[in-house]
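Residue numbers (UniProt numbering): 1 to 227.
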């Protein structure tokens, strides 16, 4: 993680991005988000006992048009459009090995780097799934992996967006201020889901099927603002 009092210049972001391209992933197991489908399955697996596991699952709508729109949003990194977060760069190809830097403003500005570890697409007569996962590089407040999946159930026509991550703290700051770091982390997860929902259909209402933290969503259906 790189901390700044003022917003870093793009030249500084580019310098750090080039530097991180030479680095290895900062965690193990890599591609672990392929191991299980749900948060509960990860929590019951001893391999992930030392990780915080978070999950968010929302209903996006019905049909192929909604599915295609959601996939388009993932490919353009639209889940990062949440006001206090900026991704460098949204035109980065969604393919294994691509690196991105995330700028977040939480009091100070901080930069964190991630690498796409896999892209998945599965199309069967019953369902169509598309998504990807990225893992943290050395310059990140956490160590771990996040998975973003769009699923179209062709039998019900429902389109679901599912986000799952496992992580632990990677800096002295996040270790000392663990409760605050977890709050920000869960806020990031919930708001990124809302950002993709806004991109897909522009609605001011979101239907949660599952969420890690009740602090951010008190009802199954919640009105929220894009501000």
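Positions of the beta carbon are idealized from the N, C-alpha and C atoms, including for glycine.
Judged by DSSP in its simplified three-state form, residue 159 adopts strand. Between residue 27 and residue 135, the C-beta spacing is below 8 Å.
As the crow flies, the alpha-carbon of residue 83 is around 22 Å from that of residue 115. Note on geometry: alpha-carbon atoms of residue 29 and residue 57 lie some 23 Å from one another. Taken in chain order, the complete beta strand (DSSP E) segments of 3 residues or longer contained in the UniProt domain "DUF1990" (45-194) are 52-62, 85-88, 99-106, 108-123, 127-136, 142-153 and 158-169. Pairing residue 211 with residue 190 gives a Cβ-Cβ distance under 8 Å. Here residue 13 has 88, 101, 103 and 111 as same chain residues with Cβ atoms under 8 Å from its own Cβ, once five neighbours each way along the sequence are excluded. One Cα belongs to residue 4, the other to residue 15, and the distance between them is close to 15 Å. Here DSSP, grouped into helix, strand and coil, assigns residue 205 to strand. Between the beta-carbon of residue 154 and that of residue 192 there is about 26 Å, and that puts the pair past the 8 Å contact cut.
Between the segment 117-125 and the segment 157-166, the count of Cβ pairs shorter than 8 Å is below three; the stretches do not touch. DSSP links residue 4 through a beta bridge to 109. The alpha carbon of residue 99 has as its nearest neighbour, out of 90, 105, 106 and 107, the alpha carbon of 90.
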